[in-house]
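Asker: The structure follows.
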Amino acid sequence: MLGLPLRPPSDLPLAPAMGFTAPVPEAARPATIHSTATQRRIILDRRNRRLLVLDGERELRRFPVAVGRPGWETPVGQFEVIQLAANPVWEHPATGVRVPPGPSNPLGSRWIGFYRDCRGRSGFNGRDHLVVQGCVTAGFHGTPQRDSIGRAVSHGCVRLFDEDVRELFELVQLGTPVTVLP
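Following the working numbering, the numbering of the sequence shown begins with 86 at its first residue and continues without gaps.
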């Protein structure tokens, strides 16, 4: 999926969702562990295309995922959940065309942002050279392209089956630590 300026139903502006190649730029915020009743965290294993939700050392859930394609890899490092949006609106970064919530929205029904960098991004997307100015983000989201799960096909985001991202959305909160492994 191409970069995404993203707006929740309240029209609060969110950043475009696109990934970056490793190593993670210094502008990315590292995870801050908040003192909460649980030690819930997310571990994304890019190589094995698997996302784990842990509470302490106990595995709560495991999901298959799609990750960033070569040249648009999902960023590696320590992050935290920084955005949550149900039924997000997707805006194409090049054309500005907005896709409302629904079955044709490339984000599916949920957006969970974990990475943000405001230096812009450019790269080849498989067909064209794409330049995105301003802030870009990466996150977990649903997808109408069910056959993409298990592959390296996105522009840095992490795709889940829509039913899985709805479940993940209920398991996390702002500040939940996210570890992305190579």
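The beta-carbon is built from N, C-alpha and C at its ideal position, and this holds for glycine as well.
Since this is a predicted model, take the numbers as computed values, not measurements.
Work out the CA separation of residue 138 and residue 263 for me, nearest whole Å.
Answerer: Between residue 263 and residue 138, the C-alpha separation is close to 9 Å.
Asker: Using only alpha-carbon positions, find the residue among 226, 155, 123 and 151 that is nearest to residue 193.
Answerer: Looking at the Cα atoms, 226 is the closest of the given residues.
Asker: Are the beta-carbon atoms of residue 159 and residue 241 separated by less than 8 Å?
Answerer: Going by C-beta atoms, residue 159 is nearer than 8 Å to residue 241.
Asker: Check whether the Cβ atoms of residue 170 and residue 244 lie closer than 8 Å to each other.
Answerer: No.
Asker: Look up residue 254 in the DSSP assignment and say whether it is helix, strand or coil.
Answerer: It is helical.
Asker: So what's residue 248 in DSSP terms, helix, strand or just coil?
Answerer: Correct three-state label for residue 248: helix.
Asker: For the beta strand (DSSP E) holding residue 143, just list the boundary residues, first then last.
Answerer: From DSSP, the beta strand (DSSP E) with residue 143 extends over 143-149.
Asker: Which residues does DSSP pair with residue 161 in a beta bridge?
Answerer: Answer by DSSP bridge pairing: none, since residue 161 is not bridged.
Asker: What is the rounded straight-line gap between the Cα of residue 266 and the Cα of residue 176?
Answerer: Looking at the two C-alpha atoms, the distance is approximately 29 Å.
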